[in-house]
Amino acid sequence: MKLNTKILDGFRFLLALWVAAGHFYILIGGTKFFNIPIISYLLGHPIIAVNGFMVITGFLMTYHYILRESKEPFREVSTGIKFVLRRLFRLYPVYFLAIMAAFFLVEYMYRFRAETLEFFTGSTLTAFGAESKMETPTLLGLFSHLLFVHGLIPHQDSSILSVAWSLSLEMQFYVLFPVIFAFLFTKKTHLKFIVLTILSTLISVLTLSFYKQYFDMPAALIFRMPIFLLGMMLAAAGLGKLKWRYVLLNGAVI
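Under UniProt numbering, think of the first position of the sequence shown as 1, with each following residue one higher.
See below:
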């Protein structure tokens, strides 16, 4: 049974618009520039929209994996390898150019951000009350970004291109997805979803309390695994692989 997923394209456009507007709002000082109830909160928290992208990612990957099961059995290692390579080559060319450009321009970008803040607010304090930081690009930052592992290395998650933190997170999920899918959809799918949801949520809550010491953003998969799982559950329920009451139960846990 196929689902109409075209509506997700429009939804992703709205989420992308939210992220872009939110980053611009933060760039010009956030509530230090203007403060409108609800609107300012939403603009100041574009990470909510990023979470929406993660739900959609989990949904679409599970949806297409299930639909292709007859042609590409998920138990075969080659299926997982082909899946990861498809995602990588789809993203990497543009990503590579963006990272290389950012590596040479990052100091100018942060200087521009500080000047923009001062122009709009009269201060170099960010929307979050901290002094606008400056970054000096390093080879560790460059190569960790090029390999998508910057989200796993303390203080590197946003050192070259700050908005690329979520791409490291998504690539971590892509690499592990075939294994996660095979684990969940072999036997006792309902029970496994419950167990994995509870465990991943506990780990996320426990680690989020101190991740700020080492990361600017929740760029490691352990911080956001429950969000991806929610998308996977929605796809599984939509295709009849999981009962909706389990989605509601697990969603309440998340």
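C-beta atoms are modelled at their ideal positions from N, C-alpha and C, and glycine is treated no differently. On a predicted model such as this, the values are computed, not experimentally measured, just so you know.
{"Check": "Is it buried or exposed, Pro93, if we count other Cβ atoms within 10 angstroms and call 16 or more buried?", "Outcome": "exposed"}
{"Check": "Is the distance from the Cβ of Gly231 to the Cβ of Phe11 below 8 Å?", "Outcome": "no"}
{"Check": "Provide the residue span of the alpha helix (DSSP H) that contains Gly29, from first to last.", "Outcome": "Per DSSP, Gly29 belongs to no alpha helix (DSSP H) and is neither H nor E."}
{"Check": "Determine the direct distance from the alpha carbon of Phe83 to that of Pro178, and round the result to whole angstroms.", "Outcome": "8 Å"}
{"Check": "Could you have a look at Asp9 and say whether DSSP puts it in helix, strand or coil?", "Outcome": "helix"}
{"Check": "Look at the alpha carbon of Ile222 and the alpha carbon of Leu249, and state the distance between them as a whole number of angstroms.", "Outcome": "21 Å"}
{"Check": "Look at Leu27 and Arg113 and say whether their C-beta atoms are less than 8 Å apart.", "Outcome": "yes"}
{"Check": "For the alpha helix (DSSP H) holding residue 287, just list the boundary residues, first then last.", "Outcome": "In the structure displayed, the chain extends from 1 to 254; residue 287 sits before or after that span and is not available."}
{"Check": "So residue 292 is in the alpha helix (DSSP H); what residue range does that whole segment cover?", "Outcome": "Since the first residue of the chain shown is 1 and the last is 254, residue 292 is not available in this structure."}
{"Check": "Taking DSSP as the reference, what is the three-state secondary structure of Asn250?", "Outcome": "helix"}
{"Check": "Looking at the ligand FMN, does it come within less than 7 Å of Leu161, judged from the CB to the closest heavy atom?", "Outcome": "Ligands are entirely absent from the displayed structure, and the ligand FMN is therefore not among its contents."}
{"Check": "Give the C-beta separation of Phe143 and Gly29 to the nearest angstrom, bearing in mind that I take them to be a contact with Cβ-Cβ under 8 Å.", "Outcome": "34 Å between Cβ atoms; not a contact."}
{"Check": "How about Gly22 and Gly44: are their beta carbons less than 8 Å apart?", "Outcome": "yes"}
{"Check": "Give me the Cβ distance between Phe228 and Thr57, rounded to the nearest whole Å; I'm assuming they're in contact under 8 Å.", "Outcome": "7 Å"}
{"Check": "Do three or more CB pairs link the segment 58 to 73 to the segment 152 to 172 at distances below 8 Å?", "Outcome": "no"}
{"Check": "So which of Tyr174, Leu67, Tyr108 and Tyr25 has the shortest CA-CA distance to Leu3?", "Outcome": "Leu67"}
{"Check": "Between Gly141, Pro137, Phe104 and Leu191, which has its C-alpha nearest Leu242's C-alpha?", "Outcome": "Leu191"}
{"Check": "Which value, in whole angstroms, describes the spacing of the CA atoms of Met171 and Ile99?", "Outcome": "15 Å"}
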